[in-house]
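Colleague:
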Amino acid sequence: MDWTEKYRPTTLSEVRGNDKARDALKKWAETWDDHREAVILYGSPGIGKTSAAHALANDMGWPTIELNASDSRTKDVINRVAGEAAKSGTLTAGGGGRRLVIMDEADNIHGNADRGGARAITALVKEASQPMILIANEYYEMSNGLRNNCQDIEFRDVSPRSIVPVLRDLCRQEGVEYESDALQELAEQNSGDLRGAVKDLQAIAETTERLTDDDVVTGERDTTEGIFEYLDVVLKEAGAQEALEASYDVDETPDDLINWIEDNMPKDYQGAELVRAYEFLSNADQWLGRVRETQNYSFWRYAGDNMTAGVAAARDGTKGGWTRYGPPSYWSKLGRSKGTRNTRDYVAQQIAAIDGVSMRTARREIMPFLATMTHHCRNRELTVAMAATYDMEAEHVSFVTGSGKDTNKVQDIVADAEALKEEAAVEHSGGVFEGASADGGDGESDTDGDASDTEAGEESGDQQITLAADDGAASDAAGDDTTTDGETESASETDEDDDQQSGLSDFM
1 MDWTEKYRPT
11 TLSEVRGNDK
21 ARDALKKWAE
31 TWDDHREAVI
41 LYGSPGIGKT
51 SAAHALANDM
61 GWPTIELNAS
71 DSRTKDVINR
81 VAGEAAKSGT
91 LTAGGGGRRL
101 VIMDEADNIH
111 GNADRGGARA
121 ITALVKEASQ
131 PMILIANEYY
141 EMSNGLRNNC
151 QDIEFRDVSP
161 RSIVPVLRDL
171 CRQEGVEYES
181 DALQELAEQN
191 SGDLRGAVKD
201 LQAIAETTER
211 LTDDDVVTGE
221 RDTTEGIFEY
231 LDVVLKEAGA
241 QEALEASYDV
251 DETPDDLINW
261 IEDNMPKDYQ
271 GAELVRAYEF
281 LSNADQWLGR
291 VRETQNYSFW
301 RYAGDNMTAG
311 VAAARDGTKG
321 GWTRYGPPSY
331 WSKLGRSKGT
341 RNTRDYVAQQ
351 IAAIDGVSMR
361 TARREIMPFL
371 ATMTHHCRNR
381 ELTVAMAATY
391 DMEAEHVSFV
401 TGSGKDTNKV
411 QDIVADAEAL
421 KEEAAVEHSG
431 GVFEGASADG
441 GDGESDTDGD
451 ASDTEAGEES
461 GDQQITLAAD
471 DGAASDAAGD
481 DTTTDGETES
491 ASETDEDDDQ
501 QSGLSDFM
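Using the UniProt record's numbering, read the sequence shown as starting at 1 and increasing by one per residue.
Rendered as structure tokens:
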């Protein structure tokens with residue numbers, strides 16, 4: 001039996017890694033009679049959104065009605081399956097006659113292609129007399145009308161610190177012997193994806209009597225699975241409509257998908273068809289520009305129409321043979337690998353949450369100062385304080401400072417930051433961690449990057465720090481961070497530090 005189903009949480013208290021989201025969902029349910037609004041749970045796949053919805057239903061004693069929006073997206077189906085359940089109660093239902101309508105993949109509704117599905121869902125949430133939960137991976141793929149008529153709760157990627165205890169508990173229940181390092185490696189490979197970590201653990205446990213570090217295959221999980229198959233579809237085989245519909249299942253944002261298509265299209269297209277295809281890509285790029293300018297993500301659908309259906313329509317017939325597709329060269333030129341972007345976004349989210357600023361301000365104004373003040377960790381005390389305040393792990397410290405994440409220097413800084421957080425939580429210090437308190441859970445910090453939930457002093461788990469201390473410390477930091485071409489670093493600096501630059505420079 002699939003362990004993700006066998007050990008699915010039966011109550012919200014068992015949901016790991018998203019304490020704020022879990023508590024917000026519970027509050028939404030308990031106060032539903034006051035606001036009577038639907039709620040959107042959104043975030044990456046595999047982090048517990050659907051499990052949380054079912055666990056909530058169990059806690060509240062609400063029977064559930066489920067509809068997968070990507071499979072049944074027409075207006076008639078939505079009204080027939082979900083509409084009647086959402087608009088009427090039942091005497092046999094628990095929880096005071098309530099029933100919970102759960103609509104999964106609610107972001108996979110794309111206007112006219114779904115024959116009124118998007119409008120039907122928007123109308124449904126306005127008229128529903130029963131609680132509704134819409135589950136989505138991409139919040140801004142949903143229409144403005146739908147988002148404006150729902151509350152929203154973001155589920156964030158689950159940190160390795162939260163995944164490890166879950167894996168350890170599964171091993172205990174299944175009688176699997178293990179090495180601690182193996183579980184840590186498994187959690188780091190699946191960082192953010194709790195479901196993926198559980199599936200990997202089960203797959204390994206079924207082939208070995210004792211889980212060791214050697215059993216865990218190194219390397220990140222492939223998050224672009226299916227993109228090469230899709231390139232075959234759009235560039236060689238499909239018509240316009242089929243190419244558009246197939247794009248719904250590709251785990252790429254429009255900004256990334258256009259780069260995949262643009263880089264690989266000349267390998268299959270030639271002459272006039274290539275010219276026509278580039279015209280469609282140009283239109284798509286203009287729509288993406290409008291999204292960036294206006295933050296109106298409904299324009300994504302027009303960009304998607306042009307880069308998928310348009311490119312497919314530009315082709316002269318079908319094509320055969322095998323083509324060696326590759327990732328966009330644009331990424332490597334700008335250092336925009338998914339791993340680097342995820343690291344950048346995590347740091348920006350932490351800064352936004354703690355400092356009460358926007359992600360844009362965090363990336364463009366605060367992160368450059370942090371990079372300068374902590375360059376190569378020369379101001380060690382300041383770097384430890386930064387890591388503690390923003391709940392950074394080794395990869396995050398490495399990204400900001402430019403020092404290698406596997407160096408002893410960075411590892412020691414992360415360890416000291418953890419100790420500093422624990423000390424501040426226990427002693428309620430009035431120093432750099434004013435108002436900090438222990439999480440009390442499995443070690444995951446409350447500073448999860450949710451800027452909207454964080455005001456100065458609003459939550460006890462928030463951690464504040466003044467990075468620029470007294471005048472003397474500030475001048476020391478400035479002096480430590482300045483080096484002329486003729487100077488050499490101290491013996492404690494590694495050659496790797498000299499060669500590695502902060503990842504921040506690619507995003508300023």
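Note that CB positions come from ideal geometry on N, CA and C, so glycine has one too.
What separation, rounded to the nearest whole angstrom, lies between the Cα atoms of R16 and E245?
Modeller: So the two alpha carbons sit approximately 34 Å from each other.
Colleague: Put V357 into one of helix, strand or coil per three-state DSSP.
Modeller: It is coil, neither helix nor strand.
Colleague: May I ask you to report which of helix, strand or coil DSSP gives E154?
Modeller: Looking at E154 - three-state DSSP - the assignment turns out to be strand.
Colleague: Would you list the residues sitting across from I40 in a DSSP beta bridge?
Modeller: Paired residue(s): L134, D152.
Colleague: Identify the continuous beta strand (DSSP E) that holds D104 and give its terminal residues.
Modeller: Note, D104: beta strand (DSSP E), 100-104.
Colleague: Along the chain, where does the alpha helix (DSSP H) that runs through K49 open and close?
Modeller: Taken as a continuous stretch (DSSP letters only), the alpha helix (DSSP H) holding K49 covers 49-60.
Colleague: Which of the three DSSP states is assigned to R344 in this structure?
Modeller: DSSP places R344 in helix when its eight states are reduced to three.
Colleague: Can you have a look at N144 and say buried or exposed, based on whether 16 or more other CB atoms are within 10 angstroms of its CB?
Modeller: Counting Cβ neighbours within 10 Å, N144 comes out exposed, since fewer than 16 surround it.
Colleague: Going by other Cβ atoms of all chains shown within 10 Å of its Cβ, with 16 needed for buried, is V384 buried or exposed?
Modeller: When all chains shown are included, V384 counts as buried.
Colleague: Out of G43, Q184, V397, N306, point me to the one whose CA is closest to residue 513's CA.
Modeller: Since the first and last residues shown for the chain are 1 and 508, residue 513 lies out of range.
Colleague: Quick one, are the C-beta atoms of G192 and N342 less than 9 Å apart?
Modeller: It is a contact, given that the beta carbons lie within the stated cut-off.
Colleague: In chain order, what residues of the same chain lie with their CB nearer than 7 Å to the CB of I227, ignoring the 5 residues before and after it?
Modeller: Answer for I227: V250, E252, W260, listed in chain order.
Colleague: For L211, which beta-bridge partners are listed by DSSP?
Modeller: According to DSSP, L211 bridges with Y178.
Colleague: At a cut of 8 Å, does the region 346-366 reach the region 310-327 through at least three beta carbon pairs?
Modeller: Taking 8 Å as the limit for Cβ pairs, the verdict is that the region 310-327 does not touch the region 346-366.
Colleague: Is it buried or exposed for V347, if we count other Cβ within 10 angstroms and need 16 for buried?
Modeller: Burial call: buried.
Colleague: So, E209 versus E177, is the Cβ gap smaller than 9 Å?
Modeller: Cβ distance < 9 Å, so E209 and E177 count as in contact.
Colleague: How big is the Cα-Cα spacing for D33 and K49?
Modeller: Computed Cα separation, rounded: 22 Å.
Colleague: By Cβ distance below 8 Å, which residues in the same chain neighbour E138 in space, the five residues on each side in sequence not counted?
Modeller: Contacts found: Y42, D107, T253.
Colleague: Could you please give me the residues that DSSP links to residue 509 through a beta bridge?
Modeller: In the structure as shown, the chain begins at 1 and stops at 508. Residue 509 is therefore absent and cannot be evaluated.
Colleague: Can you list the alpha helix (DSSP H) stretches of 4 or more residues lying completely in the region 257-338, in chain order?
Modeller: Listed in chain order, the complete alpha helix (DSSP H) runs (minimum 4 residues) inside the region 257-338 are 271-294, 300-304, 329-334.
Colleague: Work out the CA separation of T318 and K199 for me, nearest whole Å.
Modeller: Distance between the alpha carbons of K199 and T318: 38 Å.
Colleague: Does the distance between the C-beta of Y7 and the nearest non-hydrogen atom of the ligand SAH fall short of 8 Å?
Modeller: By its list of ligands, the structure shown contains no ligand whatsoever, and the ligand SAH lies outside what it can speak to.
Colleague: Between L370, R380, A136, which has its C-alpha nearest I47's C-alpha?
Modeller: Taking only the C-alpha atoms, the option nearest I47 is A136.
Colleague: Apart from the five residues just before and just after T484, which ones in its own chain have a Cβ nearer than 7 Å to its Cβ?
Modeller: Model confidence at T484 stands at a pLDDT of 39, short of 50, so the residue's coordinates are unreliable and nothing is read from them.
Colleague: Assuming the contact rule is C-beta atoms closer than 8 Å, L170 and C150 should be a hit. Round their C-beta distance to whole Å, please.
Modeller: Rounded, the Cβ-Cβ distance is 34 Å, inconsistent with contact.
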